[in-house]
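Trainee: Note that the protein sequences, when read in sequence, are chains G and Y. Here our numbering is used: the first residue of the first sequence is 255, the next is one more, and so on. Here our numbering is used: the first residue of the second sequence is 255, the next is one more, and so on.
Protein chains: 2
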Amino acid sequence: MVSDAEQAPVFAKPVTLREVAVAAGVSVATASKALNGQGRMTAETRERIRETARLLGFRPNSLAQSLLRRRSFTVGLLTNDTYGRFSLPLMAGVSDALVDKGVSVFLCNVEDDTRLGQLHVEAMLDKRVDGIIATGKRIDRHLPVDLSNLRVPVVYAFTRPDPGAVGLVSDDAGGARLAVEHFLRLGRRRIAHVSGPPGFGVVHERADAYRAVLQENNLPIGEPLLGQWSEAWGHEAVAKLFGGMGERPDAVFCGNDQIARGVIDALRERGIRVPDDVGVIGFDNWEIVAEATRPPLTSIDMNLESLGREAGLALLSLVDGRPAAPGIRKLPCRLVVRQSCGSPPE
Amino acid sequence: MVSDAEQAPVFAKPVTLREVAVAAGVSVATASKALNGQGRMTAETRERIRETARLLGFRPNSLAQSLLRRRSFTVGLLTNDTYGRFSLPLMAGVSDALVDKGVSVFLCNVEDDTRLGQLHVEAMLDKRVDGIIATGKRIDRHLPVDLSNLRVPVVYAFTRPDPGAVGLVSDDAGGARLAVEHFLRLGRRRIAHVSGPPGFGVVHERADAYRAVLQENNLPIGEPLLGQWSEAWGHEAVAKLFGGMGERPDAVFCGNDQIARGVIDALRERGIRVPDDVGVIGFDNWEIVAEATRPPLTSIDMNLESLGREAGLALLSLVDGRPAAPGIRKLPCRLVVRQSCGSPPE
DNA sequence: CCCATCTGAGAAAACCTTTTCCCAACCCTT
DNA sequence: AAGGGTTGGGAAAAGGTTTTCTCAGATGGG
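1) Give me the chain G residues within the contact set of R382(Y), using Cβ-Cβ distance strictly less than 9 Å, ordered along the chain.
2) Using a threshold of 7 Å, state whether the C-beta atoms of V409(G) and V423(G) are closer than that.
3) Output needed for Q469(G): all residues of its chain with C-beta closer than 7 Å, excluding positions within five of it in sequence on either side, in chain order.
4) Name the residues in the stretch 368 to 380 of chain G whose C-beta lies less than 8 Å from a C-beta of chain Y; which are they?
5) List, in order along the chain, the chain G residues whose C-beta lies closer than 9 Å to that of A241(Y)?
6) Please report the Cβ distance between G516(Y) and H489(Y), rounded to the nearest whole angstrom; I am assuming they are in contact, meaning their Cβ atoms lie under 8 Å.
7) Could you check how far apart the C-beta atoms of L589(G) and A388(G) are, in whole angstroms? I think they sit under 8 Å.
8) Are G385(G) and L569(G) closer than 7 Å when you measure CB to CB?
9) Indicate whether P580(G) and G330(G) have their beta-carbon atoms separated by less than 7 Å.
10) For the stretch 353 to 370 of chain Y against the stretch 363 to 381 of chain G, are there 3 or more C-beta pairs whose distance is under 8 Å?
11) Should the stretch 444 to 452 of chain G be regarded as contacting the stretch 539 to 550 of chain G, the criterion being three or more beta carbon pairs within less than 8 Å?
12) For N334(G), decide whether its Cβ has a neighbour in chain Y, counting only Cβ atoms nearer than 7 Å.
13) Along the alpha helix (DSSP H) that carries L473(G), what are the first and last residues, could you check?
14) Compare the Cα-Cα distances from R592(Y) to each of K287(Y), A578(Y) and T552(Y) and report the closest residue.
15) Roughly how many angstroms separate the alpha carbons of R405(G) and E298(G), rounded to a whole number?
16) Return the residues of the stretch 345 to 358 of chain Y that lie within a Cβ-Cβ distance of less than 9 Å from chain G, sorted by chain order.
17) With a threshold of 7 Å between beta-carbons, can L558(G) be considered close to chain Y, or not?
18) Taking DSSP as the reference, what is the three-state secondary structure of N290(Y)?
19) Return the CA-CA distance between H328(G) and V274(Y), expressed in angstroms with no decimal places.
20) Give me, in chain order, the residues of the same chain whose beta-carbon lies closer than 7 Å to that of R431(Y); leave out the 5 immediate sequence neighbours on both sides.
21) Compare the C-alpha of A461(G) against each of R444(G), L480(G), R443(G) and L473(G) and name the closest.
22) For chain Y, check one thing: does any of its Cβ atoms lie closer than 7 Å to the Cβ of N363(G)?
23) Does the beta-carbon distance from R414(Y) to H396(Y) come in below 7 Å?
24) Can you tell me the Cα-Cα spacing of R527(Y) and R465(Y), whole angstroms?
25) Can you tell me the Cβ-Cβ gap for F537(Y) and F437(Y), rounded? I've got them flagged as a contact below 8 Å.
26) Please work out which residues of its chain come closer than 7 Å, Cβ to Cβ, to V269(G), disregarding the five sequence neighbours upstream and downstream, and give them in chain order.
27) Please compile the residues from chain G whose C-beta is within a distance smaller than 8 Å of the C-beta of V492(Y).
28) For the beta strand (DSSP E) that contains K584(Y), what are its first and last residues?
29) What are the boundary residues of the alpha helix (DSSP H) that T306(G) is part of?
30) Excluding the five sequence neighbours on either side, which residues of its own chain have a C-beta within less than 7 Å of the C-beta of R325(Y), listed in chain order?
31) How long is the line joining the alpha carbons of K267(Y) and T284(Y), rounded to whole angstroms?
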């Protein structure tokens with residue numbers, strides 16, 4: 255027939271355990287046991303069944319297994335971070351941690367839409383997910399959907415957990431400490447802090463840590479400058495810090511990499527050299543920004559991928575019935591040194 | 255008991271159709287038919303069953319349904335774009351298009367790892383996904399995994415399709431046209447093109463379209479400058495374009511927004527005004543970059559979210575047995591006007 | 001030679017839902 | 001009152017796998 259080539263592809267039907275059993279001349283029960291290493295039979299029988307299964311390309315139907323075991327080996331991942339700067343590494347971490355255990359991840363983008371969130375949660379519950387990971391773009395905000403009385407365990411990663419639930423977030427205070435202490439080691443003494451809007455919880459956490467470290471070292475504490483998360487605000491902050499008559503900072507710790515970028519650009523425009531005159535550290539370690547600044551930006555990395563990994567593992571242990579301590583667990587940040595701070599003094 | 259509060263939460267068992275049937279005093283068959291609007295029974299019976307189901311909070315077990323219908327209402331989404339600039343909007347589009355049809359999406363991050371890809375594909379097949387969407391960070395490269403002889407339909411989005419498969423990509427030539435023609439409408443005549451590495455297919459597609467438009471309008475064609483996708487390359491390119499003795503461009507069409515950013519910064523450093531002296535257009539419409547340039551960058555948007563949506567719908571119609579025309583379908587780009595090109599002449 | 005034990009393997013139930021087929025009762029017509 | 005059609009609802013199979021129970025035959029001990 256000429257038209258054969260134009261036909262839609264025919265999709266082969268998967269081979270079932272029953273077919274394997276028939277081909278090997280045993281019952282399905284025996285076949286199942288042979289493949290799972292259960293039951294008793296001669297080594298010869300077991301091997302024959304296995305060989306038959308291999309030859310036929312048998313793969314057990316997960317749906318049937320899940321139905322029986324009451325365990326689907328799937329989890330749901332809820333996020334409202336469309337932009338993805340934070341949630342993508344996190345999602346990759348979750349997926350990586352789980353794929354090796356045979357667990358697949360449902361991606362649910364809920365935006366900030368309650369209806370969409372409800373829809374996704376119901377779809378997942380209907381599909382009998384073993385658990386749910388909730389993640390967001392802000393540590394201090396809830397997702398637009400209530401996960402408090404679900405019939406599966408929930409882990410919160412990088413978003414605000416419900417009371418009594420398990421939550422994993424980055425240790426922002428620790429990260430800020432890392433930055434300021436790095437400056438101190440390099441001999442910087444007049445350290446300023448430029449951060450985002452005061453409406454964000456992390457802004458205060460980081461600012462408090464900044465103040466604490468300076469106080470511990472009996473150094474002058476400049477009032478943190480709070481504004482936006484943007485480059486433009488970085489420019490503006492430089493004008494405030496370096497435009498006056500007073501003593502000028504020799505280091506600026508920024509609330510994110512975009513601010514830091516604005517700061518570095520503004521400093522260059524004023525003829526102030528980075529890192530020679532002023533050191534700059536950012537936050538987030540958003541490589542595309544950190545590597546494009548001149549000089550490349552030293553920054554704090556929140557280890558989001560490993561946060562995702564930990565969240566995946568935490569959920570799995572909840573699913574397996576091992577209770578996890580409720581409350582928020584903070585995971586350490588990491589300092590990534592590039593060239594915006596200079597070398598330690600001899 | 256005092257320790258009650260400390261016990262792990264007990265997760266309620268889902269209610270089954272059987273329980274609904276018993277509660278309503280009918281058989282499971284009748285209950286099923288009542289809830290699905292099938293079969294014949296008195297309106298009173300049907301309503302009573304529905305009410306019982308509602309009261310008990312019954313939700314059908316998708317796994318059981320899938321097993322029977324041979325249709326799982328799940329699809330797999332393969333990506334190797336860890337960075338996520340391209341794949342996240344795409345994923346969001348896919349998810350959005352499908353959630354309303356009750357279809358959930360498995361997220362599979364395969365990096366560039368064949369083993370990981372194999373693992374994910376097998377896991378999905380075992381879970382009886384109805385189809386797979388393959389997406390990548392480069393239009394002209396394959397994913398590191400063979401999807402050509404699967405037993406489910408596959409749609410390729412923003413990555414190179416296997417021969418005979420269905421693929422959706424952005425119309426890069428059309429996008430380039432949009433940019434150059436916008437310059438022409440604004441009265442620009444000496445239009446340069448600065449793009450990424452020659453190893454990328456899109457670089458040539460866009461460059462060819464650039465040349466074609468200029469030729470059609472009998473304008474001088476500068477040889478496109480190919481380099482990197484980075485800001486640094488944008489700087490460098492400005493040195494080449496504006497450092498010599500020859501006639502200088504009054505417009506630069508850039509291969510992506512980062513290059514455009516570098517170009518704009520370099521122009522400003524030379525005292526050349528944007529948009530007064532030179533207009534600049536980028537590609538990708540990566541908002542975080544496009545809005546941070548001074549002035550904000552006019553750019554070409556590839557409509558990735560709607561590309562994802564289309565991919566989702568295309569896969570669904572394949573799953574439903576409606577054959578789709580194989581080959582590559584190109585979706586139009588969109589010009590997003592900001593302030594880097596100026597206004598049309600009076 | 002008889003009983004107890006062990007061995008290898010199969011039958012059947014279970015997981016939950018959908019769908020086909022079937023049956024009893026009722027209504028209407030002649 | 002017999003025959004035919006309709007109505008309301010149930011029984012059972014199917015989907016693919018796992019697990020428990022059962023059982024026939026073989027082996028060993030006394």
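For each residue, glycine too, the CB sits at the ideal point set by N, CA and C. Keep in mind the model is a prediction, meaning the values are calculated, not measured.
Mentor: So, from the data block:
1) Result: P268, N315, S316 and L317.
2) No.
3) Around Q469(G), the same chain offers I475 as residues with beta carbons nearer than 7 Å, after the five sequence neighbours per side are excluded.
4) Taking a C-beta cut-off of 8 Å against chain Y, the contacting residues of the stretch 368 to 380 of chain G are L370, L373, H374, E376, A377, M378, L379 and D380, listed in chain order.
5) No information on residue 241(Y) is available, as it lies outside the stretch 255 to 600 that chain Y covers here.
6) Indeed they touch by this definition, with Cβ atoms about 5 Å apart.
7) 28 Å between Cβ atoms; not a contact.
8) Less than 7 Å separates the beta-carbon of G385(G) from that of L569(G).
9) No; because the gap between Cβ atoms is not below 7 Å, this pair is not in contact.
10) The stretch 353 to 370 of chain Y is in contact with the stretch 363 to 381 of chain G.
11) Counting Cβ pairs under 8 Å, fewer than three are found: no touch.
12) When Cβ-Cβ separations below 7 Å define contact, N334(G) makes no contact with chain Y.
13) For L473(G), no alpha helix (DSSP H) segment is defined, and its DSSP state is neither H nor E.
14) R592(Y) has its Cα closest to that of T552(Y), out of K287(Y), A578(Y) and T552(Y).
15) Straight-line Cα distance between these residues: approximately 45 Å.
16) Those residues of the stretch 345 to 358 of chain Y that come within reach of chain G (Cβ to Cβ, closer than 9 Å) are M345, A346, V348, S349, D350, V353, D354, G356, V357 and S358.
17) Under the Cβ distance rule, L558(G) does not count among the residues neighbouring chain Y, no pair being separated by less than 7 Å.
18) DSSP places N290(Y) in helix when its eight states are reduced to three.
19) Going by the sequence as given, residue 328(G) is Thr instead of His. A direct Cα-Cα distance of roughly 27 Å separates T328(G) from V274(Y).
20) Correct list, in chain order: A463 and V467.
21) Looking at the Cα atoms, L480(G) is the closest of the given residues.
22) Yes, contact with chain Y.
23) In this structure, R414(Y) lies near H396(Y), with their beta-carbon atoms less than 7 Å apart.
24) Taking the straight line from one Cα to the other gives about 25 Å.
25) Rounded to whole angstroms, the Cβ separation of F537(Y) and F437(Y) is 14 Å, and the two are not in contact under 8 Å.
26) The residues are L310, G311 and F312.
27) Within 8 Å Cβ-Cβ: nothing; V492(Y) doesn't reach chain G, min ~15 Å.
28) Where K584(Y) is concerned, the enclosing beta strand (DSSP E) stretches over G581 to L585.
29) Residue range A297 to L310 is occupied by the alpha helix (DSSP H) that includes T306(G).
30) The residues are D384.
31) T284(Y) has its alpha-carbon roughly 23 Å from the corresponding atom of K267(Y).
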